[in-house]
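Numbering (the numbering used here), first residue to last: 4 to 454. In this text, a Cβ means the ideal position worked out from N, Cα and C, and glycines have one as well. Working notes, beginning with the structure itself.
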């Protein structure tokens, strides 16, 4: 009975949650971030299910559920199933998640330690939080179409722009941590093995980035057209060369010893992905061939017509959407467990230098282990900024699942648009500038602590 009482305190109270006896000791801050990230992933899964092709057909088979669907005597079809499938359902589901996380971002402003009464709301009451999210979601599906879809699209554009920058910051952090750990292992152990690993992945990243550039010029440009794409590809190629050269300059190495080609190669590869993602949103079909047409061209005669995806058809499972979803999942998980030693990245992400507790949580007589409260003296991350990050992630996943297409109020269809192209490509430029700053910052301001 005692076990169930304790479990209830986790769901309905502010007590730290418990782990099973076989689980490794975890920090309160990490567990909280993982659970909030799970809420976001749960909403993402629901959005994916509702946008799957054929979902509306299946719903209409339910007697008395959809307008114009199957009927049974005594039941009227009153529910509009158009709202709970396709891009409209994604917009409303992500609107609900965005409202949920924005609410908590506002509540948690300036929380300094777990002794703040609001910290109990952050780290507990999970059952009530789930009910709040469900309630907002249900209410969102009653929002009339009107101009909602069009207005929310522009919210998604702005929020996704900011989230792409956060993704790049997390990748910079991951690359720095990766390089630091492997270099340390090389100095302490089998140096040949670890240095070979660093060299292998650096070459792999650059090879993939260079191959991407070649493919971009072949398939996303024309000799007498597609000028924007030529500019995008050429500029980002030049910028990637610049950051690679800067990262190995002797003065930069002296001021920032952790910098290196591994980080630059990973950032270059990510930049090429963003460039590709931007070009796939170009409404000009001559400059934006579908992946299906590229594959078909390789297997059939060039004299046969190549199939192209119909405009307005939302297919989140296309190549760039799947890659974007994978990167999103990685960054969300990494943001939940990260404990960075990079001071510049911590300033950008509003987190403190990793100082997690190494003390194992106490284990009770029932075999359950308490989560360690590692924030009594001060929070290890900004509660408000973390929720704002998830708020932006909700908008980013909305745009990713709908291919960044713009809803048309008149036709109720989805179309590619140039604003999405410019948002993505400009975010890649700003992201490269941020990475360049992590290289040049310690050199320009030697008196500041960039360790």
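When burial is assigned at 16 or more other CB atoms within 10 Å of the CB, is residue i buried or exposed?
i	result
residue 214	exposed
residue 447	exposed
residue 196	exposed
residue 231	buried
residue 161	exposed
residue 143	buried
residue 421	exposed
residue 157	exposed
residue 118	exposed
residue 436	exposed
residue 2	Within the shown structure, residues of the chain are numbered from 4 to 454, placing residue 2 beyond reach of any answer.
residue 441	buried
residue 406	buried
residue 93	buried
residue 221	exposed
residue 254	exposed
residue 313	Residue placement at residue 313 is flagged as unreliable, the pLDDT there being 43, under the threshold of 50; a coordinate-derived value is accordingly withheld.
residue 247	buried
residue 403	buried
residue 134	exposed
residue 264	buried
residue 154	exposed
residue 36	buried
residue 176	buried
residue 91	buried
residue 450	exposed
Identify the continuous alpha helix (DSSP H) that holds residue i and give its terminal residues.
i	result
residue 188	151-191
residue 252	Note, residue 252: premise wrong, no alpha helix (DSSP H); not H, not E.
residue 434	421-447
Provide the residue(s) that pair with residue i in DSSP beta bridges, ordered along the chain.
i	result
residue 228	225
residue 285	DSSP, once it has assigned bridges, lists no residue as partnering residue 285.
Consult DSSP for residue i and reduce its assignment to one of helix, strand or coil.
i	result
residue 384	strand
residue 410	strand
residue 239	helix
residue 31	helix
residue 335	helix
residue 327	helix
residue 205	helix
residue 247	helix
residue 43	helix
residue 259	coil
residue 405	coil
residue 196	helix
residue 269	helix
residue 146	coil
residue 218	helix
residue 55	coil
residue 358	Low confidence applies to residue 358: its pLDDT is 49, below 50, so where it sits in the model is not reliable, and the reading given next is rough at best. It is coil, neither helix nor strand.
Could you tell me whether any non-hydrogen atom of the ligand GDP is closer than 8 Å to the CB of residue i?
i	result
residue 402	You won't find the ligand GDP in this model; it holds no ligand whatsoever.
- Task: May I have a chain-ordered list of the alpha helix (DSSP H) segments no shorter than 4 residues that lie completely inside the segment 88-134?
- Result: 89-110 and 120-126
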